Amino acid sequence: RYASCMAVGIAMAGTGSPESIALLEPMLEDMTDFVRQGALMGTALIYMQQSDTSNGRKIKSFREKLTTILSDKHQTTLTKMGAILATGIIDAGGRNCSIALGSRNGFTKMTSAVGLVLWLQHWHWYPMMHMFSLALTPTYTIGLKKDFMYPKNYELLCNAKPSMFAYPKRLEEKKEEKKKRVETVALSTTAKNKARLARKRAKEETTPMEVDVPEESEEKKTTEAAASMDVDEPDTSEDKKKKKREPEPSSYRIANPCRITKSQSAFCSFDLEQRYRPVRPEEKPFGVIMLTDSTPGEEEDLGAVKPPSVESSGEEPEPPEAFEWTPPEHPDADSTPSDPPAEEQEKDVKTKDSSPDDPPTEKMDEDTTTPQGEAS
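Residue 243 in this note's numbering sits at position 69 of the sequence shown; the count goes up by one each step and never skips.
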C-alpha cells in the first residue's frame, strides 16, 4: 500500500487529478503508520502547484489536515514525518516547481529520474531526502529576443479565471479573541438611590443658607440614566453596506516573465497582434520562447536576466576533520577509538623500561620465566 501511494503520487504529480486523490484518500486513515505516511506524501505530490479551487476545494482541507497532524501529540513518529515531508512537497520551490520526469519533446530527464530513485531510499538513510531537489523542475515562461533580453511589455493570454491558477493563500493561525469586559448599565432605580444618597450628603456638609436640589432636576437625572439604556439603532449608511462581489473575468493577460504551470499552459495562447511575436507560434507557451520584433525601429523596454553568481556571498565553513568509520558489524568495531592499538601500547611500555635513568638489567634467557611481580 505504501508503494502504491508513492507510485500514484509520482505518476500524477502536479495534476490535481480527482481520480488519483480518490484512490489515496482511504489510506490517509489507514491503521498502519507508514501507509499513512505514504498517502500523505503521495497526495502532496498530486496537489503540487494547485490553487485553492482544485478538486472541489478539497486541497484546503488537506492542508488543514497536515497542520492538525503536526500539532497533534498523539500521532506516531512516521505519520508526523510524512506530514512534515508533505508540507514541504506541496509548496516546493515556493510553489514555482513541479516534478517532471520527461521533457516537452518526450525524452526522459535522467536527473529527475535518478533524484526520485535516491529520494525513495530515505526509508533506509535519511540524508537521501535531499535528493528530492534533483527531481524538481521550475515551471516558467519567458520570452527572449535574439540578444537574450526579455521585453517587459510582452504578454500572454490565459483563457481561464484568475483564481483557477492563482497561488494558494497561506493558512493563518486562529487568534483567540480576548473577552472584552462589558460595562454594567445603571438602571433607573439605582440612579434614584444614588441621587437620594447624594442629597443626604449634601445636606450634612452644606450650611443652612444653601438650598436643596429641586426634585425636577432629580427626575431629569433619572430620565437621562434611563435614556442611557436605550440601544443604538443600526447604522444604515451606504458606506457600511456590503459591496456586491464583482464577477470574476473569464480571461486575463500575463506579463513577461511569469509562472505558468503544466495544466495552465493548455489554457494559454499567444497574442499575435502585439509587437513581439513567437518564432514558432504553433507550440505551447511554456518555457523559453524566442521572439521577433515586428517594429525594430521603435523604442524598447527591455530587461536582463541576471545569471547566478559563482562567487560565494559569505565565508565558507572549513571542511570537517578526517575520520575513519567502522560499521557495527565489523570485527574491529568493539575496540574504542580512544584506546591506541595493542602494538603502540607495547612500544610505549618498552620505551618506559629502557629509559636512561633506570639501571641496566641483564637479559634473560627464553627458557626462564619472569616472576609475577616483575612483569610490567
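For each residue, glycine too, the CB sits at the ideal point set by N, CA and C.
This one's a predicted model, so the numbers in the text were calculated from it and none came from an experiment.
Among MET303, LYS319, LEU290, the one whose alpha carbon lies nearest that of ALA309: Residue numbering aside, residue 309 sits at position 135 when the sequence shown is read from its first letter. The option with the nearest alpha carbon to ALA309 is LEU290.
Three-state secondary structure assigned by DSSP to GLU193: On the sequence shown, position 19 is the one that residue 193 refers to. DSSP places GLU193 in helix when its eight states are reduced to three.
Rounded distance between the beta-carbons of GLN438 and PHE339, thought under 8 Å: The count along the sequence shown starts at 1 and reaches residue 339 at position 165. The count along the sequence shown starts at 1 and reaches residue 438 at position 264. Going by Cβ atoms, the distance from PHE339 to GLN438 rounds to 4 Å, so yes, they are a contact pair.
ILE428, DSSP secondary structure in three states: What you label residue 428 is simply residue 254 of the sequence shown in a count that begins at 1. It is a strand residue.
Cutoff 8 Å; reference ILE263; Cβ partners in own chain excluding five residues on either side: Numbered from its first residue, the sequence shown carries residue 263 at position 89. Excluding the 5 residues flanking it on each side, ILE263 has same chain C-beta neighbours closer than 8 Å at MET215, ALA218, LEU219, MET222, PHE306, in chain order.
Alpha-carbon spacing of LYS326 relative to GLU485, whole angstroms: The count along the sequence shown starts at 1 and reaches residue 326 at position 152. The count along the sequence shown starts at 1 and reaches residue 485 at position 311. The alpha-carbon atoms of LYS326 and GLU485 are separated by roughly 29 Å.
Supposed close pair ASP204, LEU252 - CB separation, criterion 8 Å: As a first step, residue 204 must be located in the sequence shown, where it is residue number 30. As a first step, residue 252 must be located in the sequence shown, where it is residue number 78. So it is not a contact: roughly 11 Å between Cβ atoms.
Local conformation of VAL182 per DSSP, three classes: Here residue 182 is taken as the residue at index 8 of the sequence shown, counted from 1. In the three-state reduction of the DSSP assignment, VAL182 falls in the helix class, which pools H, G and I.
CB contact check: ASP506 to chain B, cutoff 8 Å: Among the chains of the structure shown, chain B does not appear; only one protein chain is present.
Distance CB(PRO342)-CB(SER225) smaller than 8 Å: Sequence index remark: in the sequence shown, residue 342 carries index 168 (1-based). Sequence index remark: in the sequence shown, residue 225 carries index 51 (1-based). In this structure, PRO342 sits near SER225, with a CB-CB distance shorter than 8 Å.
Per-residue DSSP class, three states only, for ARG551: Residue 551 lies beyond the residue range present for the chain, which begins at 175 and ends at 550; the question has no answer from this structure.
Three CB pairs or more closer than 8 Å across the region 463-479 and the region 313-325: The answer is yes - the region 313-325 touches the region 463-479, with three or more Cβ pairs under 8 Å.
Segment contact flag, the region 182-197 with the region 272-279, C-beta cutoff 8 Å, min 3 pairs: Inter-segment contact for the region 182-197 and the region 272-279 is present: three or more beta-carbon pairs are separated by less than 8 Å.
Whole-angstrom distance between ALA287 and PHE236, CA atom to CA atom: In the sequence shown, counting from the first residue as 1, residue 236 sits at position 62. In the sequence shown, counting from the first residue as 1, residue 287 sits at position 113. Going from the Cα of PHE236 to the Cα of ALA287 covers about 27 Å.
CB of SER425 within 8 Å of CB of LEU331, strictly: For the purposes of this step, residue 425 is identified with residue 251 of the sequence shown, where counting begins at 1. For the purposes of this step, residue 331 is identified with residue 157 of the sequence shown, where counting begins at 1. Result yes, Cβ atoms of SER425 and LEU331 sit closer than 8 Å.
Distance between GLY212 and MET180 (C-alpha atoms, nearest Å): Here the question's residue 180 lines up with position 6 in the sequence shown. Here the question's residue 212 lines up with position 38 in the sequence shown. For MET180 and GLY212, the distance between alpha carbons rounds to 6 Å.
Same chain, Cβ closer than 6 Å to VAL209, five either side skipped, listed in chain order: Position 35 of the sequence shown, counting from 1, holds the residue named residue 209. Excluding residues up to 5 positions away in sequence, ARG175, TYR176, MET201 lie with their Cβ nearer than 6 Å to the Cβ of VAL209 in the same chain.
Alpha carbon of CYS432 to alpha carbon of SER443, nearest angstrom: The residue you call residue 432 lines up with position 258 of the sequence shown. The residue you call residue 443 lines up with position 269 of the sequence shown. For the pair CYS432 and SER443, the Cα-to-Cα distance works out to about 14 Å.
Integer-rounded CB distance, given that PRO459 should sit under 8 Å from ILE434: Taking the sequence shown and counting its residues from 1, the one referred to as residue 434 is at position 260. Taking the sequence shown and counting its residues from 1, the one referred to as residue 459 is at position 285. Rounded to the nearest angstrom, the Cβ distance from ILE434 to PRO459 is 7 Å, consistent with a contact under 8 Å.
Nearest-angstrom beta carbon gap, TRP293 and MET284 [assumed within contact, 8 Å]: Along the sequence shown, one-based indexing puts residue 284 at 110. Along the sequence shown, one-based indexing puts residue 293 at 119. Their Cβ separation, rounded to whole angstroms, is 15 Å, which puts MET284 and TRP293 out of contact at 8 Å.
Classification of SER194 by the beta-carbon crowding that lies within 10 angstroms, buried from 16 upward: Along the sequence shown, one-based indexing puts residue 194 at 20. Residue environment: SER194 is assigned as buried (16 or more neighbouring CB atoms within 10 Å of its CB, all protein chains considered).
GLY188 - DSSP class collapsed to helix/strand/coil: For this step, residue 188 is matched to residue 14 along the sequence shown. If DSSP states are grouped into helix, strand and coil, GLY188 belongs with coil.
Exposure of ALA257, with buried meaning 16 or more beta-carbon neighbours within 10 Å: Walking along the sequence shown from the start, residue 257 turns up at place 83. Buried, because 16 or more other Cβ atoms sit within 10 Å of the Cβ of ALA257.
Ranges of the beta strand (DSSP E) found wholly within the region 225-308, counting only runs of at least 3: Listed in chain order, they are 271-273.
Residue span of the beta strand (DSSP E) that contains ILE434, given as start and end: Translated into the one-based positions of the sequence shown, residue 434 becomes position 260. Boundaries for ILE434: no beta strand (DSSP E) harbours it, and the DSSP string shows neither H nor E there.
N-terminal and C-terminal residue of the alpha helix (DSSP H) that THR217 is part of: For the purposes of this step, residue 217 is identified with residue 43 of the sequence shown, where counting begins at 1. Run containing THR217: 207-220, per the alpha helix (DSSP H) assignment.
Three-way DSSP call (helix, strand, coil) for TYR176 in this model: Indexing the sequence shown from 1 puts residue 176 at position 2. Note: TYR176 maps to helix in three-state DSSP.
Short Cβ contact (8 Å threshold) for LYS335 with PRO192: Numbered from its first residue, the sequence shown carries residue 335 at position 161. Numbered from its first residue, the sequence shown carries residue 192 at position 18. Between LYS335 and PRO192, the CB-CB gap reaches or exceeds 8 Å.
HIS552 versus GLN295: straight-line alpha-carbon distance, rounded: A question about residue 552 goes unanswered here, because the residues of the chain that appear run from 175 up to 550.
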